[in-house]
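First comes the structure, then the notes that go with it.
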DNA sequence: ATGTAC
């Protein structure tokens, strides 16, 4: 990206002054190097989002931002319904409520020494991964309805995981105001055999070791010590979320003119929050959030079964589950006045600071765990929400490394088999149904996750707590 | 992300 397009406001904060039809400025959080390498499309998309009705404060991009559908991935934007604010399917993303959860295992790296290979095989065989993967959970119409209304709470009721888990999931495991009746029969049909599966793309299940602590005190509250083994699960709402996104995107395109919304880009299709389409989308999207929460809850149950078989002394407890593709109603202080906003986070993690009432009591004093997934060959990070973050981008941070290369480019540059071999020499075991997927997801196709995380930390979006490195990765 | 293009 051309640095001349931006005005530097701080070491990691860049502004785009409103011009043309922009209603608010654009703000990108990144280091100079990250900005330099960032796709020019991010600039274009951040400014496009700034033109949408009812947007408040600014159109934001996180340090991992890259080109997405309409909105950038790594984008955050909030809309005020009382100012004609909109909700946008492309502002949430197709994989609704895609997210990461992190489990402690009570094990150290030494405990896995002899069983790592066995564990990799067992996880690969027990947790379905890949395009169109299906699992052993099959939902009839009644159960589908219950799942879409109940989320992880429904899953726990069915015997997947524990009530204690629910406390450490956003929304306590169940998104209120989900409207399963606004999810099409086709979307439900696509999902009926896909519960408890990872899917494809950047989704994974990873066994990781804690290699470094940056904030020992917070790490201790999170129950993390150097040398600990943890498990990260990254997946979303599978076919159901994608189908909802596709269908509502279409209806938002066709109703835009009726709502007097001018779109600089068809991909920004949106509807007023206070409109029929807007309300139906919100209801369906919340049902998809529940689908993703239930999905990660079932995968967790499967992972626990595998660990119980292979390392019975393990005890898997949930640190936190956080989504990074959502639109949520939140109260934020605008010019000193608490205001109800519809916050879109697309490829951006919620990062609420200490004291936030939505956090579980045991974490409230330190802040929300912010889970940032790397690539299969690089580190992941645990951060914590900051007080400052709430006034920056509504308490949001980056969600991962962010792609720096298209899938197509990556396919030309790498062979999946070579990537797996190279990682094996570094003690990282990769298991995947798709060697093509591995090539597309090669670590080299991503930005440097440490640089991205440092930028988020420097900008006070969130603060670094622990660095994790992969041991075993089941890749979708 | 995705029954990997509409």
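In our numbering, the protein residues as written are 420 to 895.
Glycine included, each C-beta is placed from N, C-alpha and C at the ideal position.
- The residues 523, in chain order, have a CB closer than 6 Å to that of residue 736 in the same chain once the five nearest residues on each side in sequence are set aside.
- C-alpha of residue 575 to C-alpha of residue 588: approximately 12 Å in a straight line.
- Rounded to whole angstroms, the Cβ separation of residue 894 and residue 548 is 7 Å, and the two are in contact under 8 Å.
- Sorting 757, 611, 586 by C-alpha distance to the C-alpha of residue 659 places 611 at the top.
- A Cβ-Cβ distance of about 30 Å is found for the pair residue 800 and residue 506, leaving them out of contact under the 8 Å criterion.
- Beta-bridge annotation (DSSP): residue 888 is paired with 628.
- Taking the C-beta atoms as reference points, residue 745 is found no nearer than 8 Å to residue 816.
- In this structure, residue 661 lies away from residue 517, with their beta-carbon atoms at least 8 Å apart.
- With a beta-carbon spacing of about 14 Å, residue 464 and residue 439 fall beyond the 8 Å limit used to define contacts.
- In this chain, the alpha helix (DSSP H) harbouring residue 467 covers 459 to 468.
- Residue range 695 to 729 is occupied by the alpha helix (DSSP H) that includes residue 726.
- Here residue 722 is buried, its C-beta having at least 16 other C-beta atoms within 10 Å.
- Closest in C-alpha terms to residue 784, from the list 491, 493, 639, comes 639.
- CA-CA distance, residue 565 to residue 624, rounds to 26 Å.
- As the crow flies, the alpha-carbon of residue 593 is around 45 Å from that of residue 423.
- Approximately 6 Å separates the beta-carbon atoms of residue 678 and residue 690; this is inside 8 Å, confirming the contact.
- When the Cα atoms are used, residue 680 and residue 674 turn out to be separated by approximately 9 Å.
- According to the DSSP secondary-structure assignment, residue 426 is paired through a beta bridge with 434.
- The DSSP-derived three-state label of residue 677 is coil.
- No Cβ-Cβ contact shorter than 8 Å links residue 798 with residue 890.
- Judged by DSSP in its simplified three-state form, residue 840 adopts helix.
- The three-state reading of DSSP puts residue 599 in helix, counting H, G and I together.
- Residue 570 and residue 637 have their C-alpha atoms spaced approximately 29 Å apart.
- When beta bridges are read from the DSSP output, residue 813 appears opposite no residue.
- Residue 739 carries a strand assignment under DSSP once its states are collapsed to helix, strand and coil.
- According to DSSP, residue pairing for residue 768 in a beta bridge involves 816.
- Residue 657 sits in a helix when the DSSP states are folded into three classes.
- Look at residue 747 here: in three-state DSSP terms it is strand.
- For residue 485, the closest C-alpha among the options 669, 498, 720, 820 is that of 820.
- According to the DSSP assignment, residue 635 belongs to the alpha helix (DSSP H) that extends over 635 to 641.
- Within its own chain, the residues whose Cβ lies closer than 7 Å to the Cβ of residue 470, once the five positions on either side in sequence are excluded, are 440, 441, 442, 683, listed in chain order.
- With contacts defined as CB atoms closer than 8 Å, residue 761 and residue 497 qualify as a contacting pair.
- In the three-state scheme derived from DSSP, where H, G and I count as helix and E and B as strand, residue 866 is classed as coil.
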